Every structure is written in structure tokens, then in C-alpha cells.
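Enquirer: Okay, handing you the structure first.
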Amino acid sequence: TMGVTLFLTRKSLTKFKQPVSPSKPEEWLQEGWSTREVSRATFGNETLSVYSHWRPWSGSEPLRIDTIGSTMDYDFSVMNGPQRVIAKHQTKGRGRNGREWKSDPMGLAATWRVDITGNINPSMVQVSLGALVSRSLGLELKWPNDIVDSQFRKCGGIISTLEDNSSVKIGVGINRSAQSVQGVDTSGWETVNECLDSEKVFMIVDASIASILESHAIIGQPDGHNTSKIAWSSLSRTFSKGVDLRFQGYQASVIGLTENGEILINQEQEIFPVGDLERIQWH
């Protein structure tokens, strides 16, 4: 597989370094560049892919606040266009189904509000974002939206809610250090890279979200097919490492993703979609 890079910007590059060539798309994400495959062609056994890279949201800065209950509660209603808020201290973080998320004061707590354009399925957003973010940080994705270390200890998560018919709100919480939450040991990004700080992680997450959702004047609207491919690439990598999955107590295997972000389960030669995490056990 070969790759060709197109790099798009009209502003100063002082904050955004370019990876040393030859480079991979995730290496551009790690430097804060959004990345998206815009074309590919196959010649025999070779595939040529063209990627574009750009500064997220035209290089605009996020809103920064000191303390908030949850960044997901921030009121973006008086603002137009894509917005991001990052908090130093989050006192009432929450995860999936409203469960409490204890924020690491040295970690990342932030929320994005982005308009949905193109053929993007909102249900796939958190899966594909979890895939990009976990891969860029050197971590793993546990379906549908948990970021975990190699021991399957949770480092963070991504939640998305549809605000209306045209925008989605995305909350991201990632720990820097390991901690115990209600007797459960969690992990953090420093298990794979202790040199990263919260600003660098924010830059990676910001670029990942723009890669999935931003419409760009030059490269156009997001592509739902590419989003699904990103999600399945990371999930399949996790399953290839010997993860044991059980559905309602019986062993099963995951063979794909539906367009709604559900996993396709194969259990005793029967194939069906599953969207309820509570019915699955991971080992």
C-alpha cells in the first residue's frame, strides 16, 4: 500500500509540525493535523491512497474555563459554527447512560458541538472517534466508545448526543494517570506515553474529531463509508489480540459493524447485530 499526502493550510504553521516523511495518517494526527482519505485506486496487488491534512476548524482556539460540573452541560446555543470547550476541573463528569466519570485533574475533559453534514450516521460517530483517538494515543478501543490500555483497563471514553437534526455534541474524558474509581482500577495515557500532557492530547482529539466531522472548503464533506472503515480497522485490531467475547454468557465472535455502529455477532453459526453493551462480557 502506498500513500500520497496533500497538505492544506493558509495560516501560520508554528503550532503544527509536519511528521518526518515517509509518514502515516496517525502520525499527522499526533501533530494536531486532521487527516482524511480522499481517493484511492488499486493496481493489481498495490493500492494507492491519497490523504489530505489540514488545520482543524481553520486554526481557531477552543473556549477554556476553569471549573464546570460537566463540559457536556456547557451552553453553546448562542454560538454559531463548530465549538469546543475544555475545562481545567470537571466536578461531575459522566459517561455512558449518565454514569459517573471521575475526572483526572491532570487529564482531559472537553466537549465539542459540531454540525453534521455529508452522509455521516450520528450513531457511528463515537465508535469511529474512539477508534481514531485510541490509535493515535497508542491505546485500544473497546466497543463502542471506551478507550482502554493493553490490559483492557479503562483510560477514558467518548459520548455523543444528537442535539437536533443538524448538530452533535461530543464529550471526551481521558485520564492521564491510573486511579481507583469505586473499587475499580482504571488506567491512563501515561501507561504508553508519559511525556504527553493534556494540551497535546486535546490537540490529538481535536484533530481526530475534525477528521471525522469537519466540512472543508477544498476537500468537501465527510464520508460515512470512510468513517465506518476507520472504526472497523481499530476494532478488528483489538479482537486480533485474543480478546474473548461472550454474549449472554456464551462465547461469540465479532465479524463486522453495521451502519448504525452496532457489532455483528457470530454465535454458533447465527449472525445478528448487537447494540446493547450490557449483554456482552469482555475478557
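The sequence shown begins at 701 in our numbering and counts up by one.
Heads up, the beta-carbon is just placed ideally off N, CA and C, and yes, glycines get one too.
In this text the structure is predicted, and so the values were computed from the model without any measurement.
With a CB to CB cut of under 6 Å and the five nearest residues on each side skipped, what residues in its chain are close to A787?
Expert: If we look at A787 and ignore the five residues flanking it on each side, its Cβ neighbours are I765, I768, T771, A809.
Enquirer: Please classify K854: does DSSP put it in a helix, a strand, or coil?
Expert: If DSSP states are grouped into helix, strand and coil, K854 belongs with the strands.
Enquirer: Here's the rule I'm using: 16 or more other beta-carbon atoms within 10 Å means buried, otherwise exposed. How should T811 be labelled?
Expert: The residue in question, T811, is buried, as its Cβ has 16 or more Cβ neighbours within 10 Å.
Enquirer: Okay, do the stretch 910 to 927 and the stretch 729 to 737 touch, 3+ Cβ pairs below 8 Å being the bar?
Expert: Cβ pair count under 8 Å is three or more, so yes.
Enquirer: How far does the alpha helix (DSSP H) with H925 in it reach, from first residue to last?
Expert: Counting along the chain, the alpha helix (DSSP H) containing H925 begins and ends at 924 to 939.
Enquirer: On the three-state DSSP scale, how would you describe I997?
Expert: Nothing can be reported for residue 997: it is not among the residues displayed for the chain, which extend from 701 to 983.
Enquirer: Can you give the Cα-Cα distance for E800 and G924, rounded to whole angstroms?
Expert: Answer to the nearest angstrom: the Cα atoms are 31 Å apart.
Enquirer: Alpha carbon to alpha carbon, how far is V848 from I955? Give it in angstroms, no decimals.
Expert: The alpha-carbon atoms of I955 and V848 are separated by roughly 21 Å.
Enquirer: Going along the chain, which unbroken runs of the beta strand (DSSP E) with 3 or more residues stay wholly within the stretch 845 to 905?
Expert: Listed in chain order, they are 846 to 848, 854 to 862, 867 to 874.
Enquirer: Would you call the CB atoms of G888 and R876 closer than 7 Å?
Expert: Their beta carbons are under 7 Å apart, which means G888 touches R876 by this criterion.
Enquirer: Could you tell me whether the Cβ atoms of S867 and D944 are closer together than 7 Å?
Expert: Cβ atoms of S867 and D944: not closer than 7 Å.
Enquirer: Among all the DSSP beta bridges, which residues are the ones paired with T986?
Expert: Outside the displayed span of the chain (701 to 983) sits residue 986, for which this structure offers no information.
Enquirer: Give the C-beta separation of Q783 and R813 to the nearest angstrom, bearing in mind that I take them to be a contact with Cβ-Cβ under 8 Å.
Expert: So it is a contact: roughly 5 Å between Cβ atoms.
Enquirer: Evaluate E962 with the Cβ neighbour count: other Cβ atoms within 10 Å of its Cβ, from every protein chain shown; 16 or more gives buried, anything less gives exposed.
Expert: By the 10 Å Cβ count, E962 comes out buried.
Enquirer: Are the C-beta atoms of S834 and some chain B residue less than 7 Å apart?
Expert: Looking for chain B here will not work: only one protein chain is present.
Enquirer: Thinking C-alpha only, which one of V778, G781, Y774, N780 is nearest K792?
Expert: For the residues V778, G781, Y774, N780, the minimum Cα distance to K792 belongs to Y774.
Enquirer: Considering just the uninterrupted stretch of the alpha helix (DSSP H) at G830, what are its terminal residues?
Expert: 822 to 837 is the extent of the alpha helix (DSSP H) around G830.
Enquirer: Along the chain, which unbroken stretches of the beta strand (DSSP E) at least 3 residues long are found entirely within the stretch 762 to 787?
Expert: Counting whole runs of 3 or more residues, the stretch 762 to 787 contains the beta strand (DSSP E) stretches 763 to 768.
Enquirer: From M806 to W728, what does the alpha carbon distance come to, in whole angstroms?
Expert: So the two alpha carbons sit approximately 24 Å from each other.
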